[in-house]
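A short worksheet on the structure shown next.
Numbering (full-length UniProt numbering), first residue to last: 1 to 491.
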């Protein structure tokens, strides 16, 4: 970017700050980086576009090194004017303002540029933030151009809380483990509404009072502490256990495995696990997450879904209790609603996906499709087992999945990652469909439906429902249920 003629000789970029899990116990080697690039409000559109392009190039360069980093351009007056981005990217949409600033203030790490003014303002002066800051300037205690001033944390409206919670629900669909803790923090805020104790204020108050608790006021541990306090108060032991597991998995220290060097993060997690009373068996199970298969993943998915729906029900009760008129833009609400329906609505022929970033590999070395004809004790249709078809192994195990139609069962196994090019296939109990025809069906599915597709953007969520190009799997001479020739079914 060429040199700028700036007011009072100030530089266009006022500061660069990381926010989120950076430098906390929640940051692991796989954590992404969220970087705020704060700039002067007098930059024109062309200058902002140039700066955005530079940030995009830096993101690409970091990706080439295996680092996931996102840069966000933040106008220094953004929060004073209630400006926000959209749901199209990793921004917070039009649904957050104070809550985004709350997260920034409690997690920000200054990488370059001005210090953050908010940290200097006592909590008791928060309601008169601007007046207090002006008095500091007037008395010469602080020099204005040396500080980043994004504004104070004013009162939180019910509308903003509702919109922010919807946003977290949106995030939790794709990354449930990552989003659970933040979702429950917002729920804790709603429980205290209309006078919630924002966590950033709590951390600042303790810092000013010299109360260095929770492992040096670690932002991630403080968030867990607040959520724990809330869940204990409402006697919700189920979600408390879940949030502790989510925290442990996020930190990724794997305590069941010996380490030559014991770092501070490992010491923190070891102390917490001891307080929770976890045994070696539980630690080993969690540390083996990379090898979880369909049974464990489905159990985890159901737990996460139950927790998400409980938060959603609590959110609806909050809205009714406050006679809410939602302030989030209709477009954002539309995006959120459509994505929720796409993820969870049960529809005929729809394949239910059970592994939203829970385990990296559900592939099975062996899959057996068994057909049960009419007149038997079990339902007529197809049963799927993750083992070779020896009678002892089949009888002593529950099927992974059932469907009346073979093609839909194949689709379920394919889209959930159990069925891969390396899987050995077996088929039993049907004279019409043999192994060759099953393999042909699998080949057609893998050809027409790649597993790695671009994530749908916000614009696509607002479009009318439509069918994407698909294959027709009415195998010649085969009914979808594997019976005698008849007009078939497709998916």
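Every residue gets a Cβ at the ideal spot worked out from N, C-alpha and C, and that includes glycine.
A straight line joining the alpha-carbon of residue 185 with that of residue 411 spans about 37 Å.
DSSP places residue 72 inside the beta strand (DSSP E), whose first and last residues are 69 to 75.
Contact check for residue 136 against residue 17 fails: the beta carbons are separated by 8 Å or more.
Look at residue 323 here: in three-state DSSP terms it is coil, with no helix or strand label. Taking each of 373, 443, 308 in turn and checking the Cα distance to residue 432, the smallest one comes out for 373.
In this structure, residue 228 and residue 242 do not form a Cβ contact; the two beta carbons are roughly 12 Å apart against a cut-off of 8 Å. Per DSSP, residue 405 lies in no beta strand (DSSP E) and is assigned neither H nor E.
Pairwise C-beta distances place the region 64 to 74 in contact with the region 36 to 43, as three or more of them are shorter than 8 Å. Distance from the CA of residue 32 to the CA of residue 68, rounded to the nearest whole angstrom, comes to 5 Å.
Judged by their CB atoms, residue 150 and residue 118 are nearer to each other than the 8 Å cut-off.
With 16 or more other Cβ atoms inside 10 Å of its own Cβ, residue 294 counts as buried. Proximity to residue 196 across 155, 223, 174, 172 peaks at 155, based on C-alpha coordinates.
Looking at the DSSP output, residue 113 sits in a beta bridge with 15.
Counting of Cβ neighbours within 10 angstroms places residue 447 among the exposed residues, the total staying below 16. Look at residue 128 here: in three-state DSSP terms it is helix. In the structure shown, residue 55 adopts helical secondary structure according to DSSP, grouped into three states. Per DSSP, the continuous beta strand (DSSP E) segment holding residue 367 begins and ends at 366 to 372.
Annotation for residue 169: the continuous alpha helix (DSSP H) segment containing it runs 158 to 174. According to the DSSP secondary-structure assignment, residue 428 is paired through a beta bridge with 370. Within the region 205 to 283, the alpha helix (DSSP H) runs of at least 4 residues that lie entirely inside it are, in chain order, 214 to 217, 219 to 233, 237 to 251, 264 to 276.
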